[in-house]
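Visitor:
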Amino acid sequence: MGPITAGVLQLVALTGALALVHIPLGNHLARVYSSRRHLRVERWIYQGIGADPDTEMTWTAYLRGVLAFSAVGVLFLYGLQRLQGVLPGSLGFGAIDPDQAFNTAVSFVTNTNWQSYYGEQAMGHVVQTAGLAVQNFVSAAVGMAVAVALVRGFARSRSGELGNFWSDLVRGVVRVLLPLAFVAAVVLVACGVIQNFSGIHEVGQFMGGSQQWNGGAVASQEAVKELGTNGGGYFNANSAHPFENPTPFSNLFEIFLILVVPFSLPRAFGVMVGSVRQGYAILAAMGTIWLGFVALMMWTEFSHHGPAFDLAGGAMEGKEVRFGIGGSSIFAVSTTLTSTGAVDSFHSSFTGLGGGITLLGMMLGEIAPGGVGSGLYGMLIMAVIAVFIAGLMVGRTPEYLGKKIGTREIKLAALYILVTPALALVLTACAMALPTPAHSMTNSGAHGFSEILYAYTSAANNNGSAFAGLNADTRWFNSTLGLAMLFGRFVPIVCVLALAGSLGRQTPVPATAGTLRTEKPLFTGLLVGAVLIITGLTYFPALALGPLAEGLA
Numbered sequence: 028m029g030p031i032t033a034g035v036l037q038l039v040a041l042t043g044a045l046a047l048v049h050i051p052l053g054n055h056l057a058r059v060y061s062s063r064r065h066l067r068v069e070r071w072i073y074q075g076i077g078a079d080p081d082t083e084m085t086w087t088a089y090l091r092g093v094l095a096f097s098a099v100g101v102l103f104l105y106g107l108q109r110l111q112g113v114l115p116g117s118l119g120f121g122a123i124d125p126d127q128a129f130n131t132a133v134s135f136v137t138n139t140n141w142q143s144y145y146g147e148q149a150m151g152h153v154v155q156t157a158g159l160a161v162q163n164f165v166s167a168a169v170g171m172a173v174a175v176a177l178v179r180g181f182a183r184s185r186s187g188e189l190g191n192f193w194s195d196l197v198r199g200v201v202r203v204l205l206p207l208a209f210v211a212a213v214v215l216v217a218c219g220v221i222q223n224f225s226g227i228h229e230v231g232q233f234m235g236g237s238q239q240w241n242g243g244a245v246a247s248q249e250a251v252k253e254l255g256t257n258g259g260g261y262f263n264a265n266s267a268h269p270f271e272n273p274t275p276f277s278n279l280f281e282i283f284l285i286l287v288v289p290f291s292l293p294r295a296f297g298v299m300v301g302s303v304r305q306g307y308a309i310l311a312a313m314g315t316i317w318l319g320f321v322a323l324m325m326w327t328e329f330s331h332h333g334p335a336f337d338l339a340g341g342a343m344e345g346k347e348v349r350f351g352i353g354g355s356s357i358f359a360v361s362t363t364l365t366s367t368g369a370v371d372s373f374h375s376s377f378t379g380l381g382g383g384i385t386l387l388g389m390m391l392g393e394i395a396p397g398g399v400g401s402g403l404y405g406m407l408i409m410a411v412i413a414v415f416i417a418g419l420m421v422g423r424t425p426e427y428l429g430k431k432i433g434t435r436e437i438k439l440a441a442l443y444i445l446v447t448p449a450l451a452l453v454l455t456a457c458a459m460a461l462p463t464p465a466h467s468m469t470n471s472g473a474h475g476f477s478e479i480l481y482a483y484t485s486a487a488n489n490n491g492s493a494f495a496g497l498n499a500d501t502r503w504f505n506s507t508l509g510l511a512m513l514f515g516r517f518v519p520i521v522c523v524l525a526l527a528g529s530l531g532r533q534t535p536v537p538a539t540a541g542t543l544r545t546e547k548p549l550f551t552g553l554l555v556g557a558v559l560i561i562t563g564l565t566y567f568p569a570l571a572l573g574p575l576a577e578g579l580a
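Below, the structure written as structure tokens:
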């Protein structure tokens, strides 16, 4: 079997597996967030945190819950890293430096999971499990809660109440992420991923010296890392490390974990708004972009010619031979079109155009299918923009799901799509203009520019993957990337919740003969076009200076 055929078969198998679970998991998600019943363990948690799960919240109260919970998470994780030297199970590692501790705390709380450190050389068992792994669960649950609040804004009428943040947060962890992560961890252990709390040990003699590895609860963290579209890894090599991702099957399974919840949330959206066809329209837009990007990535990585490329079956530099070009291409596209950030290959070593595809995937806003929760609310924001554009074309007040898109709604949607490009482009320009940040680049020219552009795009979009080749463990990058993660996560959430509150207060208007049918293929095509055109107009000059210049050279 040739490498191209193997890659196509992996894509077909993955698509089939996602299609099989789409309806049952989507229906389960809708039931979780619509149920009035509380499990016993959930009631214990509510009592412990002093929350009333039955109290409905306005968008401002919901936002206060999100911000307060996230602020506590940042402080706790920062303190845990600074105290690591005196904690049990630290494996002899000392306290993390203040700027790096800030960067890491913000990174994991914002669901970015950017790492400017070597995981196996910096973090002990307590920080990894009680700090980073816990945030992998709750940061993903926060994203799902915000998405559900927006869906309620579309579904409800004459009510500014969006549900209860604490109830949505706890249910997302207890009823969705924990059960799925448990099953996924068992599968990963069966595949050979390690799961222990052993210390540092020798693994062999190499060229007169020894190599050391530490163990860890890797399978359980790897499961929620992918399932919650978190990213980050126990080891610096991330999902290319054989302890995290040992076989081609585990590689495909981890890609499935990355995509399964984001691709199922449109079904939950359709069920909750009372029209599953609306969910299918959103799903079709996500699937079209994802499949198109995978096909384009495979073409760029397989098509390069020359003796070395021909012998290797394509551009194999920076890719694991266990996974090949097909598996690496699917993983790279899936991790950058979601907010995962895990990598099983060296993105900096992709071809010029291949590296540009990973960049463009994040620049779209990570909405195809996007992060857990963030992908759905990001695509719904783009749907609002697409409806507005359609309304301008025909001279009619735009409506989506019976809600009018007026001045307030379109301003909030426009602010949402402008925040992350502004952060990424302004900070990239500052880093290139100042003398010190440029010293962190391994490469010069277009590729070096791509390294910095990728870093800030990854941070502002809460992705967390790295182009690599950039030394980001400096005060400048730890501080500015941390700020990009904070603003890139919470300013859009403010816009989403404000939009949800505005929509929820409206009275739905009946559909007429002139109403745009947003469940039809025509709207799906308009939505895909709006996503690509808006992103292209925003980022094309920056892409032309980096990956396009390199790829066309």
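Quick note on the working numbering: the sequence shown kicks off at 28 and runs consecutively.
We put the CB at the ideal spot given by N, CA and C, even for glycine.
Whole angstroms are fine: how far does the CA of T447 sit from the CA of N489?
Guide: Roughly 9 Å between the two C-alpha positions.
Visitor: Just to confirm, is the Cβ distance from S266 to L215 under 8 Å?
Guide: Contact flag unset, no.
Visitor: Determine the DSSP secondary structure at H466, reduced to helix, strand or coil.
Guide: Reduced to three states, the DSSP call for H466 is coil.
Visitor: Leaving out five residues before and five after S356 in sequence, what residues of the same chain have Cβ atoms less than 6 Å from its Cβ?
Guide: M324, M325 and E328.
Visitor: Report the rounded CA-to-CA distance for T469 versus S291, giving the unit in angstroms.
Guide: The straight-line gap from Cα to Cα measures roughly 40 Å.
Visitor: Look up K431 in the DSSP assignment and say whether it is helix, strand or coil.
Guide: K431: strand per DSSP, three-state reduction.
Visitor: Taking its Cβ as the centre, do 16 or more other Cβ atoms sit within 10 Å of A98, making it buried, or is it exposed?
Guide: Exposed: under 16 other Cβ atoms inside 10 Å.
Visitor: Do the CB positions of I316 and V558 come within less than 8 Å of each other?
Guide: A contact, by the Cβ cut-off of 8 Å.
Visitor: If we count the other Cβ atoms within 10 Å of its Cβ and call it buried at 16 or more, is N140 buried or exposed?
Guide: That one is buried.
Visitor: G255 and N130: beta carbons closer than 8 Å?
Guide: Contact: no.
Visitor: How many angstroms separate the CA atom of F224 from the CA atom of T274?
Guide: Approximately 22 Å, taken between the alpha carbons.
Visitor: I need the straight-line Cα distance from L452 to L480, nearest angstrom please.
Guide: Their backbone Cα atoms lie some 7 Å apart in a straight line.
Visitor: I need the boundaries of the alpha helix (DSSP H) containing V178, first residue and last residue.
Guide: Its alpha helix (DSSP H) spans residues V161 to A182.
Visitor: Report the rounded CA-to-CA distance for H49 versus L56, giving the unit in angstroms.
Guide: Cα-Cα distance, rounded: 11 Å.
Visitor: Distance, Cα to Cα, N272 vs V197?
Guide: Rounded to the nearest angstrom, the two C-alpha atoms are 29 Å apart.
Visitor: Taking C-alpha atoms, which residue in V173, T542 and T545 lies nearest to P519?
Guide: The residue with the shortest Cα to Cα distance from P519 is V173.
Visitor: Checking 8 Å against the spacing of the C-beta atoms, do L380 and P568 come in under that value?
Guide: No; because the gap between Cβ atoms is not below 8 Å, this pair is not in contact.
Visitor: Just to confirm the assignment: which complete alpha helix (DSSP H) runs, minimum length 4, are found wholly within the stretch 36-87?
Guide: Qualifying alpha helix (DSSP H) stretches, in chain order: 67-76.
Visitor: To the nearest angstrom, how far is the alpha carbon of T539 from that of L428?
Guide: Distance between the alpha carbons of T539 and L428: 12 Å.
Visitor: Comparing C-alpha positions only, which one of T367, L118, K346 and G351 sits nearest to A35?
Guide: Just to set this straight, residue 35 is Val in the shown sequence, not Ala. Cα-wise, what sits closest to V35 is G351.
Visitor: What separation, rounded to the nearest whole angstrom, lies between the Cα atoms of S143 and R544?
Guide: So the alpha carbons of these two residues sit roughly 47 Å apart.
Visitor: What are the complete alpha helix (DSSP H) segments, minimum 4 residues, inside the stretch 373-434?
Guide: For the stretch 373-434, whole alpha helix (DSSP H) runs of length 4 or above, ordered along the chain, are 379-390 and 401-421.
Visitor: Using only CA atoms, which one of L549, R435 and R185 lies nearest to L526?
Guide: The candidate whose alpha carbon is nearest that of L526 is R435.
Visitor: What are the start and end residues of each continuous alpha helix (DSSP H) run of 4 or more residues lying completely inside the stretch 244-274, in chain order?
Guide: As far as the stretch 244-274 is concerned, its whole alpha helix (DSSP H) runs of at least 4 residues are 245-254.
Visitor: If you compare alpha carbons, which of Y73, T365 and F550 is closest to G418?
Guide: Checking every option, the nearest Cα to that of G418 belongs to F550.
Visitor: Who are the Cβ neighbours of A182 in its own chain at under 6 Å, not counting the five residues just before and after it?
Guide: Around A182: M299 and V300.
Visitor: For K430, which residues of its own chain have a beta-carbon under 7 Å away from its beta-carbon, when the five flanking residues on both sides are left out?
Guide: These residues qualify, in order along the chain: F181, L530, Q533 and P535.
Visitor: If you run the structure through DSSP and keep just helix, strand and coil, what is A335?
Guide: Note on A335: pLDDT 48, under 50, position unreliable in the model; the coordinate value appears next. In this structure, A335 counts as helix in the three-state DSSP scheme.
Visitor: Let me check understanding here. Comparing Cα to Cα, which of G243, I444, M171 and P269 lies closest to A149?
Guide: Ranking the options by Cα distance to A149, first place goes to G243.
Visitor: Taking the C-alpha atoms as reference points, what is the distance between N241 and A128?
Guide: Cα-Cα distance, rounded: 21 Å.
Visitor: Check for me: the alpha helix (DSSP H) holding P519 runs from which residue to which?
Guide: Its alpha helix (DSSP H) spans residues R502 to G531.
Visitor: From the DSSP output, in three-state form, read off Q142 for me.
Guide: In the structure shown, Q142 sits in coil (DSSP, three-state: anything other than H, G, I, E or B).
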